[in-house]
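Here the sequence shown is numbered in full-length UniProt numbering, starting from 1 and rising by one per residue. We treat Cβ as the ideally placed atom computed from N, Cα and C, and that holds for glycine.
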Amino acid sequence: MGRPQTDFPPRAVLIPPPSPLLPNSLSPVWLRERFVGGERGLPVREGEPGLALRPAAVLVPVVDRPEGLSVLLTKRTDHLHHHPGQISFPGGRVERADTSAVMTALRETQEEIGLGAERIELLGELAEYATGTGFSVTPVVGLVHPPFTLQLDAFEVAEAFEVPLTFLLDPANRQRHRMEYQGRMREYYAIPYRDHFIWGATAGILVQLGRFVGVGEGG
Numbered sequence: 001m002g003r004p005q006t007d008f009p010p011r012a013v014l015i016p017p018p019s020p021l022l023p024n025s026l027s028p029v030w031l032r033e034r035f036v037g038g039e040r041g042l043p044v045r046e047g048e049p050g051l052a053l054r055p056a057a058v059l060v061p062v063v064d065r066p067e068g069l070s071v072l073l074t075k076r077t078d079h080l081h082h083h084p085g086q087i088s089f090p091g092g093r094v095e096r097a098d099t100s101a102v103m104t105a106l107r108e109t110q111e112e113i114g115l116g117a118e119r120i121e122l123l124g125e126l127a128e129y130a131t132g133t134g135f136s137v138t139p140v141v142g143l144v145h146p147p148f149t150l151q152l153d154a155f156e157v158a159e160a161f162e163v164p165l166t167f168l169l170d171p172a173n174r175q176r177h178r179m180e181y182q183g184r185m186r187e188y189y190a191i192p193y194r195d196h197f198i199w200g201a202t203a204g205i206l207v208q209l210g211r212f213v214g215v216g217e218g219g
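This is the structure we're talking about:
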């Protein structure tokens, strides 16, 4: 899953970011503790009210590196019909054989980047994220334990890369943009990182994660 397909430049009309509210250290123990109790936070809707939504799920893969936690993201190939070239989490539509959002997220992760469930410690789920393209996405958060070797689906995934979790949750690195789209004014999050522009549902889910774990709540 990734960002909504649009006909406008996503970098337009920047709204200034707030100041950072991060703790000094984000650790696996700290992250596990945030999911104790099974809470999921509040659902998010970026699409039109009343829009029929199709169920989907993504894995939010938080990698436990010696230098700190990072998030594994993918860049979709340019030839895809939906969301070409966009930054996304591994994931997709719920298939008929899937018995849960977790099953969907793990299956899609294996198919897209070759990361097996044996390397993933499931922490919990965030509340559904309703996208402007008609999906109700369940983000499944997992702690990924190296070592692992990725095998990318060359048709769908152009590259995979990691971004430090502290960078992604820091409001100082977060942008809000505004653009008129299909007759209505729409605001969306973006998190530029090096030569990657993370925006739309992917950025929105990262903001949702920050709010859920209680850091980076500004903006």
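| query | result |
| --- | --- |
| State the Cα-Cα distance for the pair Ile-198 and Asp-78, rounded to the nearest angstrom. | 15 Å |
| How long is the line joining the alpha carbons of Leu-51 and Glu-67, rounded to whole angstroms? | 43 Å |
| Run through DSSP, which three-state label would Val-36 get? | coil |
| Give the DSSP-derived three-state secondary structure of Leu-21 in the structure shown. | For Leu-21, the predicted model reports a pLDDT of 46, less than 50, meaning its position is unreliable and no value from the coordinates is stated. |
| Does the segment 94-114 touch the segment 153-161, meaning 3 or more C-beta pairs lie closer than 8 Å? | yes |
| Consult DSSP for Ala-101 and reduce its assignment to one of helix, strand or coil. | helix |
| Enumerated in chain order, which unbroken segments of the alpha helix (DSSP H) with a length of 4 residues or greater are wholly contained in the segment 122-176? | 165-169 |
| Using the rule of at least 16 other Cβ atoms within 10 Å of the residue's Cβ for burial, across every protein chain shown, is Thr-99 buried or exposed? | exposed |
| Helix, strand or coil: which one does DSSP assign to Phe-212? | helix |
| Excluding sequence positions up to five away, which residues of its chain have a Cβ less than 8 Å from the Cβ of Asp-64? | Pro-28, Leu-143, Val-144, His-145 and Pro-146 |
| Comparing C-alpha positions only, which one of Gln-208, Arg-186 and Thr-74 sits nearest to Val-137? | Gln-208 |
| Could you check if Ser-19 is buried or exposed, using at least 16 other CB atoms within 10 Å of its CB as the buried criterion? | Any reading at Ser-19 must be qualified, since the residue scores a pLDDT of 43, below 50, and its modelled position is unreliable; no value is offered. |
| Of the choices Ile-120, Leu-150, Glu-118 and Pro-139, whose alpha-carbon is the least far from that of Ala-127? | Pro-139 |
| Alpha carbon to alpha carbon, how far is Gln-5 from His-196? | Low confidence applies here, because Gln-5 scores a pLDDT of 49, under 50, leaving its location unreliable; read the following figure in that light. Their Cα atoms are separated by approximately 17 Å. |
| Are there 16 or more other CB atoms within 10 angstroms of the CB of Arg-76, so buried, or fewer, so exposed? | buried |
| From what residue to what residue does the beta strand (DSSP E) around His-196 run? | 196-199 |
| Name the DSSP bridge partner or partners of Thr-74? | Ser-88 and Ala-160 |
| Whole angstroms is fine: what's the gap from Phe-135's alpha carbon to Leu-26's? | 31 Å |
| Taking DSSP's pairing of strands, which residues face Glu-180 in a bridge? | Met-185 |
| How about Ala-97 and Leu-106: are their beta carbons less than 8 Å apart? | no |
| Whose C-alpha, out of Val-62, Glu-108 and Thr-74, is nearest the C-alpha of Thr-166? | Val-62 |
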